[in-house]
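Q: Quick note: the sequence shown, position 69, residue 69 per the numbering used here, numbers continuous.
After the structure tokens below, expect a handful of questions from me.
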Amino acid sequence: MQSPTEADNQVRGILEMNAFDSKSASGQDDPALQRRLANVGAASVLFYRQPIEMVSALGAWMSAANGKRYLDCYNNVPCVGHSHPAVTAAVSKQISRLNTNTRYLVQVVDDYLEALKAKFPAELSNAVLTCSGSEANDLAMRIACKNTGHRGFIVTEAAYHGNTAYVTEVSPSSFKQGSIPDHVVTVPAPSRANYGDDIAEGFAMAVKKAISTLKIRGYGIAALLVDSIFSSDGVFGQPQGFLRAAVDIVHQAGGFYIADEVQPGFGRLGSAFWGFEYHQVLPDIVTMGKPMGNGFPMAGMVTRPEYLARFCEDVGYFNTFGGNPVSCAAGLAVLKVMEQEELQTNAHKIGQYLCSGLNSIAADHAAIGEVRGEGLFLGVDICQPDQPELADPAATVRLIDGLRDAGILAGAAGKHGSTLKLRPALCLSQAEADFFLDGFRAAARRL
Ligand SMILES: Cc1ncc(COP(=O)(O)O)c(C=O)c1O
Numbered sequence: 001m002q003s004p005t006e007a008d009n010q011v012r013g014i015l016e017m018n019a020f021d022s023k024s025a026s027g028q029d030d031p032a033l034q035r036r037l038a039n040v041g042a043a044s045v046l047f048y049r050q051p052i053e054m055v056s057a058l059g060a061w062m063s064a065a066n067g068k069r070y071l072d073c074y075n076n077v078p079c080v081g082h083s084h085p086a087v088t089a090a091v092s093k094q095i096s097r098l099n100t101n102t103r104y105l106v107q108v109v110d111d112y113l114e115a116l117k118a119k120f121p122a123e124l125s126n127a128v129l130t131c132s133g134s135e136a137n138d139l140a141m142r143i144a145c146k147n148t149g150h151r152g153f154i155v156t157e158a159a160y161h162g163n164t165a166y167v168t169e170v171s172p173s174s175f176k177q178g179s180i181p182d183h184v185v186t187v188p189a190p191s192r193a194n195y196g197d198d199i200a201e202g203f204a205m206a207v208k209k210a211i212s213t214l215k216i217r218g219y220g221i222a223a224l225l226v227d228s229i230f231s232s233d234g235v236f237g238q239p240q241g242f243l244r245a246a247v248d249i250v251h252q253a254g255g256f257y258i259a260d261e262v263q264p265g266f267g268r269l270g271s272a273f274w275g276f277e278y279h280q281v282l283p284d285i286v287t288m289g290k291p292m293g294n295g296f297p298m299a300g301m302v303t304r305p306e307y308l309a310r311f312c313e314d315v316g317y318f319n320t321f322g323g324n325p326v327s328c329a330a331g332l333a334v335l336k337v338m339e340q341e342e343l344q345t346n347a348h349k350i351g352q353y354l355c356s357g358l359n360s361i362a363a364d365h366a367a368i369g370e371v372r373g374e375g376l377f378l379g380v381d382i383c384q385p386d387q388p389e390l391a392d393p394a395a396t397v398r399l400i401d402g403l404r405d406a407g408i409l410a411g412a413a414g415k416h417g418s419t420l421k422l423r424p425a426l427c428l429s430q431a432e433a434d435f436f437l438d439g440f441r442a443a444a445r446r447l
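Given below as structure tokens:
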């Protein structure tokens, strides 16, 4: 979609979408809100113009302090469902026995590492666990630089990869002012609006041009770093396999492909466990996080042993909390539950059901544009009814508020903040999908 006006053609800050604005009068009489603002100050980031106080959550649902229940279609961290009893039990058992760092040998850590590695191609046989996706990407970028001898990175226009100083430089959607640094070149998101019908070719050519720019600037290409479902850019997965051509070009130029699986990983796409697998392309490094511990903070990266060894010639890597036994117990429980409850298959099945329901609603409402995604990772463009090629960020906020009134949590994404982003728990049932579709239909009617 195009921006509503030329002046609005800038990347909308990811933390500002569907967010409380401390300068507005709305919600200012809420004591819980005032307490948070007093504690966190300018770094407060809260969803909704009138933030919600949450008190508990179970399965696909969250409960607010005022007693209202919400179907959680936003939070992709509790992938096997909020407060899953198997994860709770595993964490409780391990924390009451031993929690320490990875400088001791502890069986559950290697149990987890082996279970995790079984989910990857055999080449990616070394794993490093961290506490956040940001740390994982930070480490991945450093490994890419060391092994390629280059310093330049290519990311998408509205990418978000994390919050360390180094990773913020490759996260244009974090910038409130200023421009991206010289060693980073952005390419437009892999959409039909940007590249026409041949997205694979268009995206690959944009990456090729970015490589030339980085060469001219004297950095070379260290890595193409992309979120395999392009979540913050507006959710772009199709056509399946389009990434391959761009990755080939990066490899020919001596760069790495870092697959950021923090958002799409762990079965959410339904038809594949990872986004790179969905595109049938082999990354040099994969980073992951969010759903890994179902809410227990853990993240990590996998790569080829020789790449990690080369990096470790210069500096060691140790992370006090990364890979601690309790997080490994949580991670192990998540993998087991996913298998026992066949959640990847459910993501595929319910994702298709939601997609067809959304498409039939879109057919009746001019403001509802393209429905995209894979499995339980969906994006819905909200556009101007008389000019469907134009994005409508204001209507997207209205829709998100309407969904909230209907008891549904959802968020926004995309360069203009005009794509509704849906990532419910992988255990979403068909009845819950119907609840969502009814609420969405009612909210769309009121747009
Ligand atoms: C694609 C992507 N990569 C990395 C990160 C950073 O992860 P974390 O917040 O755990 O540091 C995020 C967080 O939103 C993300 O969406």
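Just so it is clear, CB atoms sit at the ideal spot from N, CA and C, and this is done for glycine as well.
These numbers were taken from a predicted model, which means no experiment stands behind them.
#1: Are the stretch 408–422 and the stretch 390–400 in contact at 8 angstroms, needing three or more beta carbon pairs?
#2: Restricting to Cα atoms, I'd like to know which of P424, D434, P283 is closest to Y74.
#3: So is the beta-carbon of S134 under 7 angstroms away from any non-hydrogen atom of ligand 1?
#4: Which residue marks the beginning of the beta strand (DSSP E) containing R69, and which one marks its end?
#5: Closest by CA to R142, which one among I258, K290, L71, A189?
#6: Alpha carbon to alpha carbon, how far is F20 from Y166? Give it in angstroms, no decimals.
#7: Flag this pair as touching only if the stretch 236–244 and the stretch 78–89 have three or more C-beta atom pairs under 8 angstroms; answer yes or no.
#8: What three-state label does DSSP hand G439 in the structure shown?
#9: Around the Cβ of V106, are there at least 16 other Cβ atoms within 10 angstroms (buried) or fewer (exposed)?
#10: Flag G289 as yes when its Cβ comes closer than 7 angstroms to any non-hydrogen atom of ligand 1, and as no otherwise.
#11: Run through the DSSP bridge pairs and tell me what M301 is partnered with.
#12: What's the C-alpha gap between G369 and I382?
#13: If you follow the alpha helix (DSSP H) that L15 is part of, which residue opens it and which one closes it?
#14: When DSSP labels each residue in this structure, what does A7 get in the three-state scheme?
#15: Which first and last residues belong to the beta strand (DSSP E) in which V45 is found?
#16: Give the C-beta separation of P172 and A158 to the nearest angstrom, bearing in mind that I take them to be a contact with Cβ-Cβ under 8 angstroms.
#17: Kindly provide the ranges of any beta strand (DSSP E) runs that are 3 or more residues long and lie completely inside the stretch 159–233, ordered along the chain.
#18: Are V187 and A206 closer than 8 angstroms when you measure CB to CB?
#19: Could you work out which residue in S56, G275, A442 is closest to D448 when comparing CA atoms only?
#20: Does at least one heavy atom of ligand 1 sit under 7 angstroms from the Cβ of A299?
#21: From what residue to what residue does the alpha helix (DSSP H) around T148 run?
#22: Taking only runs of the alpha helix (DSSP H) that begin and end inside the stretch 380–428, which ones reach a length of at least 4 residues, in chain order?
#23: Report buried or exposed for A410, applying the criterion of at least 16 other Cβ atoms within 10 angstroms of its Cβ.
#24: Using a threshold of 8 angstroms, state whether the C-beta atoms of A189 and D233 are closer than that.
#25: Shortest alpha-carbon distance to I285 belongs to which of F377, A90, H251?
#26: Give me the residue from K93, F311, F273, A144 with the minimum Cα distance to L376.
#27: If I follow the unbroken beta strand (DSSP E) through M62, where does it start and stop?
#28: Does ligand 1 have even one heavy atom less than 7 angstroms from the beta-carbon of Y160?
#29: How about A136 and G265: are their beta carbons less than 8 angstroms apart?
#30: On the CB-based measure, 16 or more other CB atoms within 10 Å of its CB, does R446 come out buried or exposed?
#31: Taking G331 as the reference, which of P385, A32, V77, S24 has the closest Cα?
#32: Expressed to the nearest angstrom, what Euclidean distance is found between the alpha-carbon atoms of D386 and A367?
#33: With distances taken Cα to Cα, identify the nearest neighbour of V155 among F296, A210, F440, L15.
#34: On the three-pair Cβ rule with 8 angstroms, is the stretch 105–119 touching the stretch 210–229?
#35: So what does I368 bridge to, in DSSP terms?
#36: Okay, do the stretch 323–339 and the stretch 294–313 touch, 3+ Cβ pairs below 8 angstroms being the bar?
A: Put simply:
#1: Segments in contact, yes.
#2: Per the Cα distances, P424.
#3: A distance criterion of 7 angstroms places the beta-carbon of S134 in contact range of ligand 1, judged by its closest non-hydrogen atom.
#4: Looking at the DSSP string, the run of the beta strand (DSSP E) that includes R69 is 69–72.
#5: Out of I258, K290, L71, A189, I258 has the C-alpha closest to the C-alpha of R142.
#6: Their Cα atoms are separated by approximately 27 angstroms.
#7: Using a Cβ-Cβ distance cut-off of 8 angstroms, the stretch 236–244 and the stretch 78–89 are not in contact, since fewer than three pairs of beta carbons, one from each stretch, lie closer than that value.
#8: Per DSSP, reduced to three states, the secondary structure at G439 is helical.
#9: Using a 10 angstroms sphere on the CB of V106, the tally of other CB atoms reaches 16 or more, which defines it as buried.
#10: At least one heavy atom of ligand 1 lies less than 7 angstroms from the C-beta of G289.
#11: For M301, which the question treats as bridged, DSSP gives the partners V128, T287.
#12: Answer to the nearest angstrom: the Cα atoms are 6 angstroms apart.
#13: First-last for L15: undefined, no H or E at that position.
#14: Its pLDDT being 49, under 50, A7 is placed unreliably in this model, and the coordinates cannot settle the point.
#15: Note, V45: premise wrong, no beta strand (DSSP E); not H, not E.
#16: Confirmed, Cβ separation roughly 6 angstroms.
#17: Listed in chain order, the complete beta strand (DSSP E) runs (minimum 3 residues) inside the stretch 159–233 are 184–187, 221–227.
#18: Between V187 and A206, the CB-CB gap stays under 8 angstroms.
#19: Here the chain covers residues 1 to 447 and nothing more, so residue 448 does not appear.
#20: Checking the Cβ of A299 against ligand 1 gives yes.
#21: Per DSSP, T148 is one residue of the alpha helix (DSSP H) stretching across 133–148.
#22: Listed in chain order, the complete alpha helix (DSSP H) runs (minimum 4 residues) inside the stretch 380–428 are 393–405.
#23: Burial call: buried.
#24: Using a Cβ distance threshold of 8 angstroms, A189 and D233 count as a contacting pair.
#25: The residue with the shortest Cα to Cα distance from I285 is H251.
#26: Distance check between L376 and each of K93, F311, F273, A144 places F273 closest, using alpha-carbon atoms only.
#27: Segment 61–64, the beta strand (DSSP E) holding M62.
#28: Yes, the beta carbon of Y160 sits closer than 7 angstroms to at least one heavy atom of ligand 1.
#29: Contact flag unset, no.
#30: It counts as exposed.
#31: Nearest option by C-alpha distance: V77.
#32: Approximately 8 angstroms, taken between the alpha carbons.
#33: Selected option, being the one with the closest Cα: A210.
#34: Cβ pair count under 8 angstroms is below three, so no.
#35: Answer is I382, bridged to I368.
#36: The answer is yes - the stretch 294–313 touches the stretch 323–339, with three or more Cβ pairs under 8 angstroms.
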